[in-house]
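Residue numbers (the numbering used here), protein chains in the order written: chain A, 16 to 356; chain B, 16 to 356; chain C, 16 to 356; chain D, 16 to 356.
All residues carry an ideal CB built from backbone N, CA and C; glycine is no exception.
4 protein chains.
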Amino acid sequence: MSNTFGKNIQVQIFGESHGPAIGCAIDGLPAGFRVDLKALQCFLDLRAPGHSPLATQRKEADRPEFLAGIREDGTLTGATLCAIIRNHDQHSTDYEKIQDCPRPGHADYTAFLRYHGNNDIRGGGMFSGRLTAPLCIAGGISLQLLENKGVIINSSISEIAGVPNPDDEATATAILKARDDGDSVGGVVECTAAGFPAGLGNPRFDGLKNRLAQVIFGIPAVVGLEFGDGFGAARHRGSENNDVYEIATDGTVRTKTNHCGGILGGISTGMPIVLRVAFKPTPSIALEQKTISLSRHENTTLKITGRHDPCIVPRALPVVTSAVALVLLDFLSEKQSIANC
Amino acid sequence: MSNTFGKNIQVQIFGESHGPAIGCAIDGLPAGFRVDLKALQCFLDLRAPGHSPLATQRKEADRPEFLAGIREDGTLTGATLCAIIRNHDQHSTDYEKIQDCPRPGHADYTAFLRYHGNNDIRGGGMFSGRLTAPLCIAGGISLQLLENKGVIINSSISEIAGVPNPDDEATATAILKARDDGDSVGGVVECTAAGFPAGLGNPRFDGLKNRLAQVIFGIPAVVGLEFGDGFGAARHRGSENNDVYEIATDGTVRTKTNHCGGILGGISTGMPIVLRVAFKPTPSIALEQKTISLSRHENTTLKITGRHDPCIVPRALPVVTSAVALVLLDFLSEKQSIANC
Amino acid sequence: MSNTFGKNIQVQIFGESHGPAIGCAIDGLPAGFRVDLKALQCFLDLRAPGHSPLATQRKEADRPEFLAGIREDGTLTGATLCAIIRNHDQHSTDYEKIQDCPRPGHADYTAFLRYHGNNDIRGGGMFSGRLTAPLCIAGGISLQLLENKGVIINSSISEIAGVPNPDDEATATAILKARDDGDSVGGVVECTAAGFPAGLGNPRFDGLKNRLAQVIFGIPAVVGLEFGDGFGAARHRGSENNDVYEIATDGTVRTKTNHCGGILGGISTGMPIVLRVAFKPTPSIALEQKTISLSRHENTTLKITGRHDPCIVPRALPVVTSAVALVLLDFLSEKQSIANC
Amino acid sequence: MSNTFGKNIQVQIFGESHGPAIGCAIDGLPAGFRVDLKALQCFLDLRAPGHSPLATQRKEADRPEFLAGIREDGTLTGATLCAIIRNHDQHSTDYEKIQDCPRPGHADYTAFLRYHGNNDIRGGGMFSGRLTAPLCIAGGISLQLLENKGVIINSSISEIAGVPNPDDEATATAILKARDDGDSVGGVVECTAAGFPAGLGNPRFDGLKNRLAQVIFGIPAVVGLEFGDGFGAARHRGSENNDVYEIATDGTVRTKTNHCGGILGGISTGMPIVLRVAFKPTPSIALEQKTISLSRHENTTLKITGRHDPCIVPRALPVVTSAVALVLLDFLSEKQSIANC
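Printed below as a string of structure tokens:
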């Protein structure tokens, strides 16, 4: 299913940016767990637009309405959890011209071909970054379940506009400079999951890397993914890159280094899982761009108006966290059958 | 299924490096197509060991024996195609010590945990790079089907041991130097698929990037994947990275540049699909390494003997090509239902 | 995914009988098709409660609210179609006692075990027959797409309370008699799909029978399924049961009889697909029944109050039709890739 | 995947009746379990041809050759288990005429359409009942795992040629009479699984009935399936059909009767799982039958020679047992994640 992922914890995302609502359905959550709804809302606010001068001025509260699977006090019933977020603050008139003139870097043209011009172009329709909001609902619930099991996930910005390990000020400077130029910048998010047990995963096509990659490449604007030292490891020698084993002072087996990012053969080593995700610069820029008119089949130019993030990386942090949380929870749920069938 | 991927063209890989045989089963291939078995063998020889002084000295002919789904003349019957390769030249005694002392950088320790010590450790068992041979059988057949549709896939080395765009001599030099040092090196493979039609793919979790990533991260030693400019795009501005549209001289719509690697919103643009795959250095090195004894639960050292590639990148080329071919063929098979349901 | 089925046309059902809403998400519908929303509502009304003295008195308009994937005029956008139906007329107080005393014949006790007592018991929660309403939304849309391709599906009652081929009067008599006795009756629904092309399907585990069975056994109260002569065929000889081929007067190949119900080897013959579905009598009856108290762990009795169908067979007709429509549309979507890969 | 089923225990069947080999691949079996290979062979012999005057005279030892996933002593390694059976005693010349003249009741014609005449017609190719041999390899291993968990599965003939509950003599009489007439008979197999824990399964489309149905309708010649009283229940009243709960003398909760066949809402009640499977009479009969010539597009007649079972029901017993065993083992493997995520 195009909008679905997961084996034991299965997630479906639906909706269009300027349609009535967006939402998610999640199967396989453990009945009886009580979701902290306030903490969930705090997590969703990290992603929500309109909270920072750095982000799009579209203001959406991003408050989920639960339709099934959860009681008012947050207790899960075992039924498929379904939550929706109504779309309110839509400026659909902003999108009239792009119906005919595909925006460079967006999915307008490929969607036009794929859906024969019937897709809802407003706000990017089903391709909108807004669809990461329901992903964060599912991810935020998973985070709470994982914390309960001692797994802590953290995402941070490891690069903005080519600046490595930027602090908040450097990040803001780079983004505001791009905005002042009518332009946009990209960056890299690093995500670390600590406390994930060793020995979970599978070889080949259904391992930790594979399933993480499936979900992470489902986040709009993601153009690269590496685990551990990743592309850097390709420049090292085996003697540098191999993580040697040792008995730690507490008697546990661990690797001295973690160049592999906590995964070997698709299975967790017990060290933190580390991955980095490359985000391209936001394709919506204020500068005039060349494009074509689909109806007139001729070259033209386009100036995108409307409200857009000059850099989506800060808001992408909870999204990457959510993707990782959902996949790790899925594997944790598999643990018992692996051990005890 | 852990060893399975694909929706319309479904592939399963099975086997252990030093067991009786390895093989693959492929569902969904079009009945009536005639596979050029000689060309398939030539393709398999690109990956087979023992063909170059740069690679492991294990000699396996890698000649598939077909059990079902194909006639002697290569015509596909429509039944699940099953092919196996017998394992012959096994030096299983090489692997006695590592049963107790996991090799750094390999899956020995994670597999020990995952399978409670029951997995076949010889040659890496089910985690062996040897399992890419049946992937190449499936991939080689797919390549022929794709060529028939005008899709041409090519993989090349874009980096060895940190050397960008190495020619054969530079590649050989880097690898032989590592071998002389008892060490190993990694590298990056770039793969380009030209002629793939525009408008194929899906948004979100089942698009071109997602499915390509699932299979590519199923290749042993892969630690990173990027599409188009990938991590480089994260350092560019939107005005540089956006691929503007134009009416080409032949009247078709195309993008002037291809920073996005031929994919937008999970759907093909019609430009070449471009991706790069980072391979870590071979974990098997001749240098002594620290590790632990699982039985004695104490630190120890290990010196790996046996035959190993000081760099698997050259032999990985047909493997990456196969992964890409299988995924693209899968999407091509989806084309008709997309258009005409 | 427990609440999901389909390969090309994928359907997910979610909701609980007395929760805020029930709904469905459908992936893979062809963009650009215009759904006749009035005709869809008429189809939904066939299943809706409160329309007949034979059925439960719970009155729900069953009017879908579309959240995504469809424009106001009914045109499909290609995005996952999501529709919900709000729950209104709930008498949740009716369900207080059964929280502790599982109703015989219902899923109360098995759900209690499966979800550790956390499931929403009101109205049967996620197990309620009410969840067939969103199935009918998906099915009703599929019916229109199939009609457009010349496939006509019809379901009728072939047995009520042991009475074969009952007319409306006989049906009503049998049901009202059961109600007057505080009891309930079951029956058999026969479904025929005419115009489905020959040559669609697959051998073994993914053929027409398999996928039809998966969905049909997902309808509450279904306890049996047979194709063509079914259990009757088991009593015939091969010479009677074999459907011999002939060249029809219009030059097409057909079978003289259709004992096999239009399916051989999991693949359609081109003759009507015929299946029969056995429904058990409604477990909710007015008579006092023995049961247990879960909290006191002792035998007790239960008298179910509230509004219940003395026979769900008449309302099940559009549900069976929907199940068959969705599966056949799924296979029709596969047709092109089969033929032309 | 057309030839695949299962979620945690995943099975793939491949092969063609007169090709080099048939086989299966099984994923998810627990590493470390030791298969009793002798007991497995005894189980396979129940299905193998040539063991009885009632069955086809084709003699195949049906001895599996293991290619991966299992050590010589039967210990599972955790890798995908792959086993093949070589095809030896093939009379392929028997099948020359049917290439042009499809046999009534077989999949010859539908396969011709589906695979455009390229499928291997000999022995029914991929549609052959012979493909149930690898299913029994997988099933036989599952049976041993289930027995280890206290689950016992038994299949018996509940009807032959319309004779209910036949003993061995009545069965033989009915079958031999059909053979003497150059004809064939069908029957019904009843399968009971005792000891399966309560509370396993899922609602709606992924419950016990759905998954059992998917696999059982994958057995050639199956035309009907009912659970518990099945079609009989449709003739009963709710007050008769409901299984009331009671505290048993040993303090456990049980139902007094088992009309529902141990499944409510897709989830096990803890009572034996009971199902019945209708098999049509073998389509291969010695009597002359009408058919068509595909090449000449005209009516003709066909007399099938070769060796065929006049009734496949006795040999189908281990096949039904295998199907049920594999599905139940799959759900047992899910148990832990359900309980403990």
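For residue i, is the classification buried or exposed, using 16 other Cβ atoms within 10 angstroms of its Cβ as the cut-off for buried?
| i | result |
| --- | --- |
| ILE167(B) | exposed |
| CYS57(B) | exposed |
| ASN225(A) | buried |
| LYS295(B) | buried |
| ALA263(A) | exposed |
| ASN169(C) | exposed |
| ASP183(B) | exposed |
Is there a Cβ of chain C sitting closer than 8 Å to that of residue i, yes or no?
| i | result |
| --- | --- |
| ASP42(A) | yes |
| ASN355(D) | The predicted position of ASN355(D) is uncertain, since its pLDDT is 44 and thus under 50; no value can be drawn from it. |
| SER254(D) | yes |
| VAL50(D) | no |
| GLY202(D) | yes |
| GLN27(A) | yes |
| PRO35(A) | yes |
Quick one: is residue i near chain A, going by C-beta distance under 8 Å?
| i | result |
| --- | --- |
| ALA228(B) | yes |
| ILE24(B) | no |
| TYR130(C) | yes |
| GLU310(B) | A small fix is needed here, since residue 310(B) is Ser in this sequence, not Glu. It does not; no Cβ of chain A falls within 8 Å. |
| LEU302(B) | yes |
| GLY140(C) | yes |
| ALA209(B) | no |
Within a Cβ cutoff of 7 Å, which residues of the same chain sit near residue i, ignoring the five residues on either side of it in sequence?
| i | result |
| --- | --- |
| THR315(B) | CYS116, THR306, ILE307, SER308 |
| GLY266(C) | none |
| LEU52(C) | GLY89 |
| GLU313(D) | ILE307 |
| VAL230(B) | PHE20, ALA338, LEU341, VAL342 |
| ALA228(C) | LEU240 |
Could you name the residues of the same chain whose beta carbon sits closer than 8 Å to that of residue i, not counting the 5 residues immediately before and after it, in chain order?
| i | result |
| --- | --- |
| PRO212(C) | SER283, GLY285, LEU347, LYS350 |
| LEU215(A) | LEU223, ILE282, SER283, PHE346, LEU347, GLU349, LYS350, ILE353 |
| PRO179(C) | SER173 |
Would residue i count as contacting chain D if we go by Cβ distances under 8 Å?
| i | result |
| --- | --- |
| CYS275(C) | yes |
| PHE294(B) | no |
| ASN225(C) | yes |
| SER348(B) | no |
Check the C-beta distance from residue i over to residue j and give it rounded, since I have them as a contact under 8 Å.
| i | j | result |
| --- | --- | --- |
| VAL289(C) | GLY202(C) | Rounded, the Cβ-Cβ distance is 17 Å, inconsistent with contact. |
| LEU332(D) | SER157(D) | Actually they do not touch by this definition, with Cβ atoms about 16 Å apart. |
| SER173(C) | CYS326(C) | Actually they do not touch by this definition, with Cβ atoms about 14 Å apart. |
| SER299(C) | ILE319(C) | 5 Å |
| ALA153(B) | CYS39(B) | 5 Å |
| THR95(B) | ILE41(B) | 7 Å |
| GLN159(B) | VAL50(B) | 6 Å |
| ASN102(D) | GLY34(D) | 6 Å |
| ARG62(D) | VAL334(D) | 6 Å |
Within a Cβ cutoff of 6 Å, which residues of the same chain sit near residue i, ignoring the five residues on either side of it in sequence?
| i | result |
| --- | --- |
| LEU10(C) | No information on residue 10(C) is available, as it lies outside the stretch 16 to 356 that chain C covers here. |
Please decide whether residue i counts as near chain B, where near means a Cβ-Cβ distance under 8 Å.
| i | result |
| --- | --- |
| ILE190(A) | no |
| GLU241(A) | yes |
| HIS251(A) | yes |
Should residue i be listed as close to the ligand ATP, given that the test is whether its C-beta is under 7 Å from any heavy atom?
| i | result |
| --- | --- |
| PHE127(D) | The ligand ATP is absent from the structure shown, which contains no ligands of any kind. |
Report the residue ranges of all beta strand (DSSP E) runs contained in full by the stretch 204–273 of chain A; include only those spanning at least 3 residues, in chain order. Listed in chain order, they are 237–242, 260–262, 268–270.
Give, in chain order, every unbroken run of the beta strand (DSSP E) that is at least 3 residues long and sits entirely within the stretch 262–328 of chain D. Entirely contained in the stretch 262–328 of chain D, the beta strand (DSSP E) runs reaching 3 residues are, in chain order, 268–270, 288–294, 304–308, 313–317.
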